[in-house]
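Residue numbers for the sequence shown follow UniProt numbering, so the first one is 1 and each next one is one higher.
Structure, as structure tokens:
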Amino acid sequence: MSVNKDTLRLLFPVELGGDHDADLELDAKHLDIAQASAETLLTEMFPDTTNLLLVDWERVLGLTPGVDDPLQYRRGKIVRKIREKGGLSIPYFIRLAEALGYVVEIVEPLPFMAGWGAAGDELFDDSVIYQWGLEIYNQPIYEFRADGSAAGEMLSWWDSQTLLEELFRELKPAHTFVYFSYII
Numbered sequence: 001m002s003v004n005k006d007t008l009r010l011l012f013p014v015e016l017g018g019d020h021d022a023d024l025e026l027d028a029k030h031l032d033i034a035q036a037s038a039e040t041l042l043t044e045m046f047p048d049t050t051n052l053l054l055v056d057w058e059r060v061l062g063l064t065p066g067v068d069d070p071l072q073y074r075r076g077k078i079v080r081k082i083r084e085k086g087g088l089s090i091p092y093f094i095r096l097a098e099a100l101g102y103v104v105e106i107v108e109p110l111p112f113m114a115g116w117g118a119a120g121d122e123l124f125d126d127s128v129i130y131q132w133g134l135e136i137y138n139q140p141i142y143e144f145r146a147d148g149s150a151a152g153e154m155l156s157w158w159d160s161q162t163l164l165e166e167l168f169r170e171l172k173p174a175h176t177f178v179y180f181s182y183i184i
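Laid out in structure tokens, this is it:
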């Protein structure tokens, strides 16, 4: 017998004639389902244990999961986004990459300016002030080789950097463009 069924029976103002067990059983069943759902919400309200509300967490935080992203990876992205304090400085982004285990340098190209530029300097237009680059060091790059590669393979390939690139694209100032360079 359900605890909710006994509780519902106690709510009757007087002893009713007839058999009301079927009604009590049905109402108690719905209360049991509601109670189980409420208990489930205790774990669902935390992003590191969520299953049912995972899509809602991602929607609220503006995250777009990849098609093949595993559950732990998606939960981890949510937790990182919540714990992220934010910042716009170069040291902030360098510390962020170092926390993920990367050695990086941030490059800010400048437009060519008369009086500042010299022969041999790269020529950029004024829109370059909204761009910045992340140079990632010591990443192994695999080059296409005629004796060791197959038809259809990429000419160069490196381990997936999607976590670092996704994180920087999400946290960068909205009016800027970030590009990534992998330095051997």
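All C-beta atoms in this analysis are idealised placements derived from N, C-alpha and C, irrespective of residue type, glycine included.
Beta-carbon proximity check, residue i vs residue j, cutoff 8 angstroms
i	j	result
E44	L31	no
K137	V103	Per the sequence shown, residue 137 should be read as Tyr rather than Lys. Cβ atoms of Y137 and V103: closer than 8 angstroms.
K5	A38	no
I106	I94	yes
P47	W57	yes
S127	F144	no
Same chain, Cβ closer than 8 angstroms to residue i, neighbours up to 5 away in sequence not counted
i	result
V178	Q131, W132, G133, L134, F168, R169 and K172
L71	N51 and L54
L61	I78, K81 and I82
M154	F144
T40	L52
Sequence-distant residues of the same chain with beta carbon closer than 7 angstroms to residue i, five excluded per side
i	result
D121	F112
R9	L24
L88	P173
H175	Y130
W116	none
Identity of the residues DSSP links to residue i by a beta bridge
i	result
F177	Q131
Y137	V103 and I183
residue 192	Outside the modelled stretch of the chain, which goes from 1 to 184, sits residue 192, for which no answer is possible.
Beta-carbon separation (whole angstroms), residue i vs residue j, contact threshold 8 angstroms
i	j	result
K81	L63	6 angstroms
A97	L164	6 angstroms
residue 186	Y182	Because the chain spans 1 through 184 in this model, residue 186 falls outside it and cannot be assessed.
Proximity test, residue i beta-carbon vs the ligand NAD heavy atom, cut-off 7 angstroms
i	result
E153	Looking for the ligand NAD in the displayed structure turns up nothing, as the structure carries no ligands at all.
Chain-order list of residues whose beta-carbon lies under 6 angstroms from that of residue i (same chain, five-residue window excluded)
i	result
A119	none
T49	T43
L123	F112
>> Threshold first: 4 residues or longer. Then list the alpha helix (DSSP H) segments lying entirely within the stretch 13-59, N to C.
In response: 21-44
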